[in-house]
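The structure under discussion appears below in the form of structure tokens.
In the numbering used here, the protein residues as written are 24 to 309.
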């Protein structure tokens with residue numbers, strides 16, 4: 024146990040150092056020349072900021088800077104809200120569709136699978152732009168403002184950003200869940216359960232779902248940076264004052280590094296907490 028925790032802690036520290044090195048890369052280039060001394064100074068400066076020996080500030084001229092903390096948490100909260108609600112909605116809808124999918128006859132599944140392949144071929148950004156255009160069209164035709172199409176003057180856009188991020192994420196989950204549910208259904212324990220007369224909904228909910236949870240979480244873990252790249256597009260298109268907006272408006276080494284650390288560390292801890300808490304039989308399946 025101690026060895027395992029030491030290994031995880033070492034990996035975390037190694038990742039943190041890698042983020043610091045990555046955040047300081049702009050200082051490596053001095054116009055058209057490489058400046059290793061500038062790179063080292065930048066790394067030292069970031070480390071001093073992180074350990075509290077140098078003020079963490081952003082924006083403004085010398086003497087007019089503002090502290091990064093707690094302002095960065097405001098932007099993290101905006102991004103975190105959209106990301107959490109999108110993942111929750113995407114996973115819930117994907118699970119519902121998968122349950123319905125495996126309770127339908129074969130010919131219906133083929134139709135749904137074809138529709139999903141068509142939707143999967145649409146670029147993610149078109150879903151984002153499409154939701155905006157749809158709301159604008161409804162407003163022009165009916166005068167009804169279904170949702171804010173952008174955050175402007177204190178009016179927050181939440182519904183459309185969440186929906187725009189949830190749709191491509193849901194399609195991504197669907198591909199995995201249909202594949203994993205299909206693999207589980209072919210296993211002997213499912214055949215035995217069906218032979219005993221257990222209803223398909225009960226089998227899917229109490230047996231198959233349990234064994235798919237672990238692989239689904241690992242899938243999210245390995246594709247989270249792809250989801251975060253979509254979050255960046257959503258924040259730009261809907262003018263959401265999230266962490267991407269903060270980095271874009273104040274592109275300094277300190278802001279970028281602190282923001283990336285605040286994104287990476289909670290995600291790292293959350294997934295490893297799940298890995299620790301999950302029952303052993305869920306890992307083994309069956």
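All C-beta atoms, glycine included, are put in the ideal place defined by N, C-alpha and C. If you're wondering where the values come from, they're calculated on a predicted model, not measured in any experiment.
With respect to the C-alpha of residue 225, the residue from 267, 213, 293 having the closest C-alpha is 213.
The Cβ-Cβ distance between residue 262 and residue 161 does not fall below 8 Å. Counting C-beta atoms within 10 angstroms of its own C-beta, residue 193 has 16 or more neighbours from the protein chains shown and is therefore classed as buried.
Under the three-state reduction of DSSP output, residue 90 falls in the strand class. Secondary structure of residue 36 (DSSP, three-state): helix.
In this structure, the straight-line span from the alpha carbon of residue 219 to that of residue 300 is close to 32 Å. Cβ contact annotation for residue 42 (same chain, cutoff 8 Å, sequence separation greater than five): 280, 283, 284, 287, in chain order. Taking the Cα positions, residue 201 is about 6 Å away from residue 121.
Between the alpha carbons of residue 152 and residue 63 lies a distance of about 42 Å. Secondary structure note for residue 165: its alpha helix (DSSP H) is the uninterrupted segment 147-165.
By the CB criterion at 8 Å, residue 155 and residue 181 fall outside the cutoff. In this structure, the CA atom of residue 278 is about 10 Å from the CA atom of residue 266. Pairing residue 158 with residue 144, the inter-Cα distance amounts to about 23 Å. With contacts defined by Cβ atoms closer than 8 Å, residue 66 and residue 38 do not form a contacting pair. Only residues of its own chain outside the window of five on either side were considered, and among them 105, 257, 261, 263 have a CB closer than 6 Å to the CB of residue 184, listed in chain order.
Contact check for residue 150 against residue 191 passes: the beta carbons are separated by less than 8 Å.
Contact between residue 254 and residue 188 is confirmed by a C-beta separation of about 6 Å, below the 8 Å threshold. Taking the C-beta atoms as reference points, residue 81 is found nearer than 8 Å to residue 91.
Beta-carbon to beta-carbon, residue 52 and residue 113 are separated by about 39 Å, too far to satisfy the 8 Å threshold.
Across the set 178, 230, 268, the C-alpha of 230 shows the shortest separation from the C-alpha of residue 203. For the pair residue 127 and residue 232, the Cα-to-Cα distance works out to about 17 Å. Under the DSSP assignment, residue 242 falls in the alpha helix (DSSP H) whose first and last residues are 232-260. For residue 287, the enclosing alpha helix (DSSP H) starts and ends at 276-300. Taking the CA atoms as reference points, residue 60 sits about 25 Å from residue 270. Beyond the five residues adjoining it in sequence on each side, residue 207 comes within less than 7 Å, by CB distance, of 213, 231, 234, 235 in the same chain, given in chain order. Rounded to the nearest whole angstrom, the CA to CA distance from residue 198 to residue 146 is 16 Å. The Cβ-Cβ distance between residue 297 and residue 240 falls below 8 Å.
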